[in-house]
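*Asks:*
Residue numbers (the UniProt record's numbering): 1 to 283.
1. On the CB-based measure, 16 or more other CB atoms within 10 Å of its CB, does residue 252 come out buried or exposed?
2. Please name the residue, chosen from 151, 136, 166, that lies closest to residue 158 on a Cα-to-Cα basis.
3. Which residues mark the beginning and the end of the alpha helix (DSSP H) in which residue 194 is found?
4. Are residue 74 and residue 114 close, meaning C-beta to C-beta below 9 Å?
5. What residue range does the beta strand (DSSP E) around residue 141 cover?
6. Identify whether residue 132 lies in helix, strand or coil by the three-state DSSP scheme.
7. Output needed for residue 64: all residues of its chain with C-beta closer than 7 Å, excluding positions within five of it in sequence on either side, in chain order.
8. State the beta-bridge partners of residue 267 as determined by DSSP.
9. Would you mind sorting residue 40 into buried or exposed? The rule is 16 or more other CB atoms within 10 Å of its CB.
10. Does the beta-carbon distance from residue 220 to residue 116 come in below 9 Å?
11. From residue 258 to residue 19, what distance separates their C-alpha atoms?
12. Just to confirm the assignment, what range does the beta strand (DSSP E) spanning residue 46 have?
13. What residue range does the alpha helix (DSSP H) around residue 284 cover?
14. DSSP state of residue 106, grouped into three classes?
15. State the DSSP-derived secondary structure class of residue 162, mapped to helix, strand or coil.
16. Please look up how many angstroms separate the CB atoms of residue 143 and residue 254, rounded, as I've assumed it's under 8 Å.
17. Quick one: Cα of residue 193 to Cα of residue 78, how far?
18. DSSP three-state call for residue 20: helix, strand or coil?
19. Starting from the C-beta of residue 285, find all residues in its chain whose C-beta is less than 6 Å away, skip the five residues before and the five after it, and write them out in chain order.
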């Protein structure tokens, strides 16, 4: 293809100008010319590049390998996919490890019923919830999320310009409506003031839900939802500077990311299915 393009336009442009427009080094072109070959992408390489673009470079080689088989019927070993991604600089964005500081002596407000058992045998058995701040719009926003540990699906989320009790109350209320008011669900959170508030704790009791809380200063007790929020910021906002976007844009990007997460983002622990697919397959 490259040789044909150069041949087609060389009557009107120099070879150097054509190669510059194609972003191809002259040395490579003349080497291909001497060897009588062209730089041709294989079908597998094209598929890998397309998958990485489609998923906004969020996936590592293991997930790309699974998507390659699922969407294109192409079976490659993990090392081949990894080398191809490295060749074309398609590596996924890497999350920075978060450093945690102890908040002092552990004081249990509600029992740690979950106790780091993040495996659920059925839907609406265990929910985890947390709040994270979003600082990419004109004002800081606070994202409250509830996740079902059965398939890691985001049940519901709310995005407000404050982190007061109504934020978590509305998130809980919407989750109950979305799931048909299930009873006996373990709802696990940290010991933030909104979760220890009378209003929130009373709402759990009135709806026959089981309150569970992490030990103070121990992020690992709620690691799954913490990891989700970290992935959202890394994958969706890694190139954005603080306060560089409009609030409308921030809301739209979060809406789209959570839709993508539930419906398109495959997970290794779910057998390379999306949360939605896993839920349907197990129904």
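C-beta atoms are modelled at their ideal positions from N, C-alpha and C, and glycine is treated no differently.
Note that the structure is a prediction, hence the values are computed from the model and not measured.
*Replies:* With the structure as the only source:
1. exposed
2. 166
3. 193-196
4. no
5. 141-148
6. strand
7. 48, 51, 52, 81, 85
8. 273
9. With a pLDDT of only 45 at residue 40, under 50, the local geometry of the prediction cannot be trusted, and the value read off the model is given with reservation. So residue 40 counts as exposed.
10. yes
11. 42 Å
12. Taken as a continuous stretch (DSSP letters only), residue 46 belongs to no beta strand (DSSP E), being part of the alpha helix (DSSP H) at 43-54.
13. Outside the modelled stretch of the chain, which goes from 1 to 283, sits residue 284, for which no answer is possible.
14. Low confidence applies to residue 106: its pLDDT is 33, below 50, so where it sits in the model is not reliable, and the reading given next is rough at best. If DSSP states are grouped into helix, strand and coil, residue 106 belongs with coil.
15. coil
16. 7 Å
17. 46 Å
18. helix
19. Not covered by the structure: residue 285. The range shown for the chain is 1 to 283.
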